[in-house]
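Data block below; observations after.
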Amino acid sequence: MLNRQELTDIIRGFEPETEFPEGTQLLEAFVPAEKIYALVEKLKSDNKSSFNYLISLTAVDFLTHMTVVYHLESTEFRHLIVLKSKLADREDPKIDSLTALYPTAEYFEREVFDLFGIRFNNHPNLQRLFLEDDYGYPLRKDFRDEINIIER
Amino acid sequence: MSEEIIKDVIVGENEDYIINMGPQHPSTHGVLRFEVCLKGETVKYLIPHIGYIHRGIEKMCEANTYQQLIHLTDRMDYLSAHMNNEAVCLVVEDALQVEIPERVKYIRTILDELNRIASHQLWWCAFGMDLGALTSFFYGLRDREHILDIFEESFGSRLLHSFVMPGGLMHDVHPNFQKRTKEFIKYFRKKLPEYDQLLTGNIIFQNRVKGIGFMSKKTAIGYGVTGPSARGSNYSCDIRKIAPYGMYDKVQFNEILETGGDTFARYKVRIAEMWESMNIIEQLIDNIPEGDFTAKMKPIIKLPAGEYFRRVETARGELAVYVVSDGNKTPFRMKFRTPNFSNLFVINSLASGHKIADLIAISGSLDLVIPDIDR
Chain R
1 MLNRQELTDI
11 IRGFEPETEF
21 PEGTQLLEAF
31 VPAEKIYALV
41 EKLKSDNKSS
51 FNYLISLTAV
61 DFLTHMTVVY
71 HLESTEFRHL
81 IVLKSKLADR
91 EDPKIDSLTA
101 LYPTAEYFER
111 EVFDLFGIRF
121 NNHPNLQRLF
131 LEDDYGYPLR
141 KDFRDEINII
151 ER
Chain S
1 MSEEIIKDVI
11 VGENEDYIIN
21 MGPQHPSTHG
31 VLRFEVCLKG
41 ETVKYLIPHI
51 GYIHRGIEKM
61 CEANTYQQLI
71 HLTDRMDYLS
81 AHMNNEAVCL
91 VVEDALQVEI
101 PERVKYIRTI
111 LDELNRIASH
121 QLWWCAFGMD
131 LGALTSFFYG
141 LRDREHILDI
151 FEESFGSRLL
161 HSFVMPGGLM
171 HDVHPNFQKR
181 TKEFIKYFRK
191 KLPEYDQLLT
201 GNIIFQNRVK
211 GIGFMSKKTA
221 IGYGVTGPSA
231 RGSNYSCDIR
241 KIAPYGMYDK
251 VQFNEILETG
261 GDTFARYKVR
271 IAEMWESMNI
281 IEQLIDNIPE
291 GDFTAKMKPI
301 IKLPAGEYFR
311 RVETARGELA
321 VYVVSDGNKT
331 PFRMKFRTPN
341 FSNLFVINSL
351 ASGHKIADLI
361 AISGSLDLVI
371 PDIDR
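Protein chains in written order, with the working numbering: chain R, 1 to 152; chain S, 1 to 375.
See below:
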């Protein structure tokens, strides 16, 4: 199990442009959206980090931008990191898909597309998972549903 | 007409024959639809369609306080209601850095394991019934009734308790709790061997489950499968061992692992987990310390701005809660990484190439709870 500093050094070595915010519960790293696939691919194949398990993939809407959040763990060493990518364009947010690395990412990404409207490049089957095609993106903060949600 | 076309018209060899299993099929245990492509009786591939019971729990959480949203979480995986409640409580306690009393830790862990036994009992009886053994359904429900009675006496509800609150418990357990739990363990230690006599050693049952739906360890990790389903493939993924909470770092227990990877291996893991859960309860039930049933909490809980992440082991696998707080009394964003969501989508690679009757055995061995997938 690698500690925070060792993991930070490994990620910096692969991708110098990452930023590490201070005082977080888990080790977090902000990665530019166009670099995420290359970085995760290296983190997965590297023998020292070997992040082979994608715990969860989700997104958060901050109204000014969106953030895609990846929780990765190594089943061998049991260390855990959080990778984040900011997407400045809320109208048409796009990021690379991780389906080629983790089969489970296919369905997490479909869920994020369904609820946030984030498109994933190179996704094999990017369709809505729960909702109908003409429904809005309900987990966005500016989503309004006059019929079903009563504002307090 | 060439010979090939004639053959095609008559037999339809080059056509996909697609049937829909669900959303109201008894073996899916909820509203789940499989789009199954068949060739004869063999499954070529299948596509799960979900969303029939999507309630938007993550969105609802954004409008509720932390005490209120506890009650939403047991509607996800209703058979591990207690563990779902506990996951949210652990996140809140982590964020506020509240030290919870020892008594609460003991009671929470005992309830976790009682709930796990109840969940595995229901899985066992429904699994037998899916494969045509109706008797198992009566055996399982007969024993589960004892646990539900203990729950009813202490919490007033049998299935969705919402008994755990941030900082402790909603109220103290019933004075009979210890006595009845010990009675149940004594009773169930005699009854659990009956399960083996009825199903495990049954040659008809074994022929239905052995060598069916093989899942390798690599597949399990790739698809994010956790819980007993993954431990049947020799994948050590027990959160109780990896990131202990409650009393799990103090009690002695083994993580159950099987190497088979087939449906029968997943079956054996769950049966062994019931034995192990009883061992954990027996270590704790006599030693519950006296004390408060809750730590001192403010009536309005506001988490400091930041992000919090916590994992627990439910009866079906790893439940992770991810909270983004902006300092208000409601969460800014709440994400539940539910075990069944990941466990479901591996089914295509397990069932392809098997007969359609085996699909029932495979989906039964994954122990899916549909509201947990849709949320």
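For glycine and all other residues, C-beta sits at the position ideal for the given N, C-alpha and C.
Of all Cβ atoms in chain R, is any one closer than 8 Å to the Cβ of E58 (chain S)?
E58 (chain S) counts as touching chain R.
Using 8 Å for Cβ pairs, my map puts Y53 (chain R) next to E73 (chain R). What's the rounded Cβ distance?
5 Å
Determine, using beta carbons only, whether F309 (chain S) comes closer than 8 Å to chain R.
It does: the Cβ of F309 (chain S) has a partner Cβ on chain R nearer than 8 Å.
Spell out a yes or no on whether the region 350-357 of chain S and the region 321-333 of chain S are touching, meaning 3 or more CB-CB pairs, one atom from each, closer than 8 Å.
no
Taking any Cβ of chain S, which residues in the region 62-90 of chain R have a Cβ under 8 Å from it, in chain order?
V69, H71, T75, R78, V82
Using a beta-carbon distance cut-off of less than 9 Å, what residues from the region 43-54 of chain R approach chain S?
So the close ones are N52, Y53, L54.
Could you check if P124 (chain R) is buried or exposed, using at least 16 other CB atoms within 10 Å of its CB as the buried criterion?
exposed
If you compare alpha carbons, which of S:M165, S:F188, S:P175, S:S162 is closest to H146 (chain S)?
Looking at the Cα atoms, S:F188 is the closest of the given residues.
Measure the Cβ-Cβ separation of G364 (chain S) and D130 (chain S) and say whether it is below 8 Å.
yes
Between R:L126, R:T104, R:D114, R:L115, which lies nearest to N348 (chain S) when the distance is taken from Cα to Cα?
R:T104
By Cβ distance below 7 Å, which residues in the same chain neighbour E99 (chain S) in space, the five residues on each side in sequence not counted?
A295
Which bits of chain R does S154 (chain S) rub up against, with CB to CB less than 8 Å?
Near S154 (chain S) there are no residues of chain R at all, since even the closest Cβ is about 33 Å away, more than 8 Å.
Would you mind telling me which residues of chain R sit closer than 9 Å to H120 (chain S), beta carbon to beta carbon, in chain order?
Going along chain R, no residue has its Cβ under 9 Å from H120 (chain S), so there is no contact; the nearest lies around 24 Å.
Short check: CB of V269 (chain S) to CB of I281 (chain S), under 8 Å?
Contact check for V269 (chain S) against I281 (chain S) fails: the beta carbons are separated by 8 Å or more.
Of the residues S:R33, S:Q206, S:D292, S:K59, which one's Cα is nearest the Cα of D142 (chain R)?
When only C-alpha atoms are compared, the closest one is S:K59.
Check whether the region 34-47 of chain R touches the region 105-115 of chain R, counting contact only when three or more Cβ pairs, one atom from each stretch, lie closer than 8 Å.
no
Give a yes or no on whether 8 Å exceeds the smallest Cβ distance from Y107 (chain R) to chain S.
Yes - at least one Cβ of chain S is within 8 Å of the one on Y107 (chain R).
What's the gap between the Cα of L79 (chain S) and the Cα of K190 (chain S)?
24 Å
Taking 8 Å as the threshold, find out whether the region 177-188 of chain S comes into contact with the region 222-236 of chain S through three or more Cβ pairs.
In short, these stretches do not touch, since the Cβ pair count stays below three.
Have a look at V173 (chain S) and E273 (chain S) and give me their C-alpha separation to the nearest angstrom.
Taking the straight line joining both Cα atoms gives about 25 Å.
Whose Cβ in chain S lies nearer than 8 Å to the Cβ of T104 (chain R)?
G222, Y223, G224, S342, F345
Closer than 8 Å is the cut-off here; do at least three beta carbon pairs connect the region 304-314 of chain S with the region 79-95 of chain S?
yes
Enumerated in chain order, which unbroken segments of the alpha helix (DSSP H) with a length of 4 residues or greater are wholly contained in the region 32-57 of chain R?
The region 32-57 of chain R contains these whole alpha helix (DSSP H) runs: 36-45.
Could you tell me whether the region 205-217 of chain S touches the region 80-97 of chain R, using the rule of 3 or more Cβ pairs below 8 Å?
no
If you follow the beta strand (DSSP E) that D367 (chain S) is in, where does it begin and where does it stop?
Element bounds for D367 (chain S): n/a, residue is neither H nor E.
Would the region 55-74 of chain R count as touching the region 332-339 of chain S if we require 3 or more Cβ pairs under 8 Å?
yes
Whole angstroms are fine: how far does the CA of R140 (chain R) sit from the CA of F113 (chain R)?
11 Å
Among the candidates S:R266, S:M278, S:D262, S:V31, whose CA atom is the shortest distance from the CA of K182 (chain S)?
S:M278
Assuming Y245 (chain S) contacts Q25 (chain R) (C-beta within less than 8 Å), just tell me the rounded distance between them.
So it is not a contact: roughly 15 Å between Cβ atoms.
For chain S, check one thing: does any of its Cβ atoms lie closer than 8 Å to the Cβ of P138 (chain R)?
Yes, its Cβ sits closer than 8 Å to a Cβ of chain S.
Just to confirm my understanding: we take L198 (chain S), look at its own chain, exclude 5 residues before and 5 after, and list those with CB closer than 8 Å. What are they?
G128, A133, T135, S136, Y139
With distance defined between alpha-carbon atoms, name the residue in S:I373, S:H25, S:Y17 nearest to E41 (chain S).
Comparing Cα-Cα distances from E41 (chain S) to each of S:I373, S:H25, S:Y17, the minimum goes to S:Y17.
Cα separation between E93 (chain S) and R103 (chain S)?
16 Å
How about G227 (chain S) and L350 (chain S): are their beta carbons less than 8 Å apart?
no
What are the boundary residues of the alpha helix (DSSP H) that includes G13 (chain R)?
4-14
Whose C-beta lies closer than 7 Å to the C-beta of L115 (chain R) among residues of the same chain, with five residues either side of it excluded?
Excluding positions up to five away in sequence, the list reads Y137, P138, L139.
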